[in-house]
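Those protein sequence lines, which keep their order, are chains G and R.
Going by UniProt numbering, the first residue of the first sequence is number 1, and it counts up by one from there.
Going by UniProt numbering, the first residue of the second sequence is number 1, and it counts up by one from there.
We put the beta carbon where it would ideally sit given N, CA and C, even for glycine.
Bear in mind that the values here come from a model prediction, so they are computed numbers and not experimental data.
Taking it in order: structure first as structure tokens, then the write-up.
There are 2 protein chains.
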Amino acid sequence: MASLGATASIYSEDHRITYYECDRTGRATLATLIDIAILASEDQSDALGLTTEFVQSHGVGWVVTQYAIDITRMPRQDETVTIAVRGSAYNPYFAFREFWISDAAGKQLAYITSIWVTMSQSTRKIVKILPALVAPYHSEQTKRIPRLPRPISFEPTTTTISKPYQVRFFDIDPNRHVNNAHYFDWLLDTLPADFLLQHDLLHVDVRYENEVQYGHTVEAKANILATDQPDQVKTSHLIQVGDEKCCEVTILWRTLAEPIQ
Amino acid sequence: MASLGATASIYSEDHRITYYECDRTGRATLATLIDIAILASEDQSDALGLTTEFVQSHGVGWVVTQYAIDITRMPRQDETVTIAVRGSAYNPYFAFREFWISDAAGKQLAYITSIWVTMSQSTRKIVKILPALVAPYHSEQTKRIPRLPRPISFEPTTTTISKPYQVRFFDIDPNRHVNNAHYFDWLLDTLPADFLLQHDLLHVDVRYENEVQYGHTVEAKANILATDQPDQVKTSHLIQVGDEKCCEVTILWRTLAEPIQ
């Protein structure tokens, strides 16, 4: 898999992290990390003529189903980062896209892999990927694309934390869907502030199952779990609407010696 | 008042409006408009050595108490706008800051006036503005600074719309306060989607009274009011925590012939 996607075009752009993309610790939020990654991929697509309109003219839309996110260091307020993106490979049903986010010295801050499908606009069902929608990326056609880690299947316990969130008008982005980076604000807001101030994100596995809609009230649930490492902890998350599972997430955290003030 | 602040330094910078700063109509949100205005003013302050740390080393912090926002046209996704900012004038207790947001052709999109005070970090009371905190802006020292329009005093009626919002961890920005641009997401989300899709913002008057805190549940209330103009409507808004008034807002809207699809 080392060389998978080696022929695919890499697109890169810079982005300055603004104060309003950061949390109170001055670190970019996880939602921001995904927002700027998707922005770069949309810019690559536009530059190659693969605009949203072009994709929709084929009766389909791209939908992300999984992310696996490795975080070395979260970018901070006022840092300018470089986002590189590549539509690395695809098979008949799944496309594999990678993102590298690095600091001004070229040091890697985050590496994101993701799996995408095309969904029919009329039937809302997954359909075969049309070669015309991937050829301009010089994506590698392959039988097998990497399987991303599946998040832990969420198991409610007596200590599960749960909070309701109304999906707001401003959660819908110009693509007419709830910006699924907003899920991270819900997921992480369920954790106590003390926890968020004393942990750094290390790895995030995300799997989207069903789309949430404007007007829905989602329930975000979280479990805090121990790991084998004394300075690491895991959290398992679920977003659901009624009984329907919308998104499952597992996060690995590094425990800091002291909370960030 | 035409020449008030004519000697003050103007700082300007460009900003590209990203998809995640826009609503489903592709227009920048009101929260984005304020976010990018404040970003420009922080950049001006930093460039003049008036960093947050410098201000805090005097035992105070700047707090905005009022905005009056004129909107000619909301910027759209992928537009690059120019934000110009000027710390125009101050008297012993109030500072007057202006912002101009314009498109690539130099056409004005929005004009924002605002009133700021300095608050003691220990007593949380308003204190006299220290000349050292405004001199580098070449702000004009004056007896009278303009009075901004006061929003309509909110009157609950039987048709008042009301919605609760939990203040989230990610509403707090690196300044350790709830980003008060987020109030606009709460205020406007209370209005029906049909209304938001069939109206353009024309003018917004905002008055902040008390700060909301992480963990609070705020209640956002709205009344939709007629005006003398057949194609215009007003909305009156209140954000409160318990019985405490946090923010009052009046918005003038232009009714569109048809809703945006």
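Cβ atoms of Trp116/R and Val63/R come within 8 Å of each other, at about 7 Å.
Cβ-Cβ distances below 8 Å link Val167/R to Val178, Val212, Gln213, Tyr214, Gly215, His216, Thr217, Val218 in the same chain, with the five nearest sequence neighbours on each side left out; the list follows chain order. Residue-level contact by beta carbon fails for Phe154/R and chain G, as no gap is shorter than 9 Å. Counting only the Cα atoms, Ser153/G lies some 25 Å from Arg124/G. Proximity of Tyr90/R to chain G, defined by a Cβ-Cβ separation below 9 Å, is not satisfied.
For His15/R, the enclosing beta strand (DSSP E) stretches over residues 10-16. Scanning the UniProt domain "Acyl-ACP thioesterase-like C-terminal" (156-254) of chain R for uninterrupted beta strand (DSSP E) segments of 3 residues or longer gives 161-166, 199-208, 217-226, 232-241, listed from N- to C-terminal end. Between Leu196/R and Leu188/R the beta-carbon gap is near 7 Å, inside 8 Å, which marks them as a contact. Note: Tyr90/G is bridge-paired with Ala95/G, Gln141/G in the DSSP secondary-structure output. Ala37/R and Ile145/R do not touch by the CB rule: their CB atoms are close to 18 Å apart, not below 8 Å. Under the three-state reduction of DSSP output, Gln261/R falls in the coil class, being neither helix nor strand. Restricting attention to beta strand (DSSP E) runs no shorter than 3 residues, the UniProt domain "Acyl-ACP thioesterase N-terminal hotdog" (10-137) of chain R encloses them at 10-16, 60-71, 80-90, 95-102, 108-120, ordered along the chain.
Annotation for Val241/R: Val212, His216, Val218 place their beta carbon closer than 7 Å to its own, counting only its chain and skipping 5 residues before and after. Around the beta-carbon of Asp35/R, 16 or more other beta-carbon atoms lie within 10 Å, marking it buried. Contact between the stretch 246-254 of chain G and the stretch 197-207 of chain G is present, with at least three C-beta pairs closer than 8 Å. Taking 9 Å as the cut-off, the beta carbon of Ala105/G is found no closer than this to the beta carbon of Ile71/G.
For Ala31/G, same chain residues with a beta-carbon under 7 Å away, outside a window of 5 residues either side, are Ala181, His182, Phe184, Asp185 in chain order. Judged by beta-carbon spacing, Arg27/R lies within the 9 Å limit of Arg76/R, meaning their Cβ atoms are closer than that value.
Rounded to the nearest angstrom, the gap between the Cα atoms of Ile161/G and Asp43/R is 39 Å. In this model, Ile260/G and His199/G are separated by some 9 Å (Cα to Cα). Taking C-beta separations shorter than 6 Å and ignoring five residues to either side along the sequence, the partners of Tyr90/G in its chain run Ile129, Val134, Ser139, following chain order.
Against chain R, the beta carbon of Leu196/G has neighbours under 7 Å at Phe169, listed in chain order. Just so you know, the alpha carbons of Ser88/R and Ser12/R end up roughly 14 Å apart.
Closer than 9 Å to the CB of Tyr165/R there is at least one CB belonging to chain G.
Nearest in C-alpha terms to Ser114/R, of all of Ile69/R, Ile101/R, Lys143/R, Ile83/R, is Ile69/R.
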